[in-house]
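*Asks:*
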Amino acid sequence: MLISVHDAKDYLDKGQNVLFADCRFSLQNPQEGEMLFKEEHVPGAAYFDLEKDLSGKVEDTGGRHPLPNIDVFIQKVEEAGINKDTTIIAYDDQRSAMASRFLWLMKYLGHQRVYIMDGGLMAWKQNQYPVTNSLEHIEMGKFQYDLHNELIATQHEVAEKIEDPTVAILDSRAFERYAGWEEPIDDNAGHIPSAQNYFWKDLFEDGFWKSSDVLKAHFSNLEKYKEIIVYCGSGVTATPNVVALWEAGFQNVKLYVGSWSDWITNPNNEIASVSK
């Protein structure tokens, strides 16, 4: 699922039904990603916006970044020229957080030929590979999808599995948020009971993914579990943990899409914290 910039460049040079998905996005400035894309991007890339494309309409429940409407997302995918045989290489400039969300979505739709460019646009430019500000005409694709609902955990499912000893629940946020000591975004602080803290940024070193062997060691305490459910604040930065678990050889990994921002909408859900 991870590909080096050198191998990505080979795909570009060969031009064999490959599409680069530029997923740059700033939660602090939602217009920044598309603006940066217009300034420069990998030649032939299509832009996918976290909130306009990779997420749906925010409702009272479902979290801050719910799944997009599938028909709307498929239309965006086809407008990018993607079909069932397209090799997709996603990148961003946020330690692959947005690219991981894109990859997870494509896996959810049943598309297997999708990769994350390790190091993102930073590594691409460091190797002096070409960038452009031109927007090429893209021929419409024809995409057939097959939803893989086994990749999703619902709020109800998470609540049922809190005390299941065969299931690990991972919180991908910083420890201070997990512990309930601070909460800069959501209304309530803390974590889902029984959740273990695996901060998503610990997967990276100098902007690159750690090796599969290092990731296996990182998650070694989870080998006893039959199922792993991953969440964060809103189902975005949990996806690098999902990708890393796949890279480390774990199979039954689910994303709680609504994550913490969905969990706290139900007053019946318990909230845990860590004493200082």
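Those letters in the sequence shown? Residues 1 to 276, per full-length UniProt numbering, in order.
We put the beta carbon where it would ideally sit given N, CA and C, even for glycine.
1) On the DSSP letters alone, give me the boundaries of the beta strand (DSSP E) that Met122 sits inside.
2) Nearest by alpha-carbon distance to Lys9: which of Glu40, Lys76, Trp124 is it?
3) Please classify Met35: is it buried, with 16 or more other beta-carbons within 10 angstroms of its beta-carbon, or exposed?
4) Report buried or exposed for Val243, applying the criterion of at least 16 other Cβ atoms within 10 angstroms of its Cβ.
5) With a threshold of 8 Å, are at least 3 pairs of Cβ atoms found where one atom belongs to the region 58-68 and the other to the region 258-271?
6) From Phe25 to Ser234, what distance separates their C-alpha atoms?
7) Excluding the 5 residues preceding and the 5 following Glu270 in the sequence, name in chain order all residues of the same chain whose CB lies nearer than 7 Å to its CB.
8) Mind reading off the beta-carbon distance from residue 278 to Phe102? Whole number of angstroms is fine, and I expect it under 8 Å.
9) Roughly how many whole angstroms lie between the Cα atoms of Pro184 and Met106?
10) Ignore the nearest five residues each way along the sequence and tell me which others in Val167's own chain have a CB closer than 8 Å to its CB.
11) From Ala195 to Val236, what distance separates their C-alpha atoms?
12) Have a look at Ala217 and Arg113 and give me their C-alpha separation to the nearest angstrom.
13) Kindly say whether Leu135, judged by its beta-carbon, lies nearer than 9 Å to any beta-carbon of chain C.
14) Among the residues of its own chain, which have a CB less than 7 Å from the CB of Asp187, if the five just before and after it don't count?
15) For Gly249, is the classification buried or exposed, using 16 other Cβ atoms within 10 angstroms of its Cβ as the cut-off for buried?
16) Is it the case that the Cβ atoms of Ser172 and Phe199 are separated by a distance below 9 Å?
17) On the CB-based measure, 16 or more other CB atoms within 10 Å of its CB, does Phe175 come out buried or exposed?
18) Between which two residues does the beta strand (DSSP E) containing Ile74 stretch?
19) Quick one: grab the DSSP three-state call for Thr239.
20) Based on DSSP bridge pairs, tell me the residues matched to Leu19.
21) Pull up the distance between the alpha-carbon of Met98 and that of Tyr129, whole angstroms please.
22) For the region 2-16 against the region 68-76, are there 3 or more C-beta pairs whose distance is under 8 Å?
23) Taking DSSP as the reference, what is the three-state secondary structure of Gln196?
*Replies:* In short, the structure shows the following:
1) Met122 -> not in any beta strand (DSSP E); alpha helix (DSSP H) instead, spanning 120-126.
2) Checking every option, the nearest Cα to that of Lys9 belongs to Trp124.
3) Burial call: exposed.
4) The residue is buried, with at least 16 neighbouring Cβ atoms inside 10 Å.
5) Because the criterion of three Cβ pairs below 8 Å is met, the region 58-68 and the region 258-271 touch.
6) Looking at the two C-alpha atoms, the distance is approximately 15 Å.
7) If you ignore the 5 residues before and after Glu270, its C-beta comes within less than 7 Å of the C-beta of Pro193, all in its own chain and listed in chain order.
8) The shown model of the chain, from 1 to 276, leaves out residue 278, and the question about it has no answer.
9) Approximately 30 Å, taken between the alpha carbons.
10) Closer than 8 Å at Cβ, skipping near neighbours: Lys161, Tyr225, Lys226, Glu227, Ile228, Ile229.
11) If you take the alpha carbons of Ala195 and Val236, they lie about 17 Å apart.
12) C-alpha separation (whole angstroms): 27 Å.
13) Any reference to chain C falls outside this structure, which holds one protein chain only.
14) Here the set comprises Ile264.
15) Label assigned to Gly249: exposed.
16) In contact: Ser172 and Phe199 (Cβ atoms closer than 9 Å).
17) By the neighbour-count definition (other C-beta atoms within 10 Å, threshold 16), Phe175 is an exposed residue.
18) No beta strand (DSSP E) holds Ile74; the alpha helix (DSSP H) holding it covers 70-79.
19) It is helical.
20) Under DSSP, the beta-bridge partners assigned to Leu19 are Ile88.
21) Straight-line Cα distance between these residues: approximately 22 Å.
22) Counting C-beta pairs with one atom in each stretch, the region 2-16 and the region 68-76 have fewer than three that are closer than 8 Å, which means they do not touch.
23) Strand, per DSSP.
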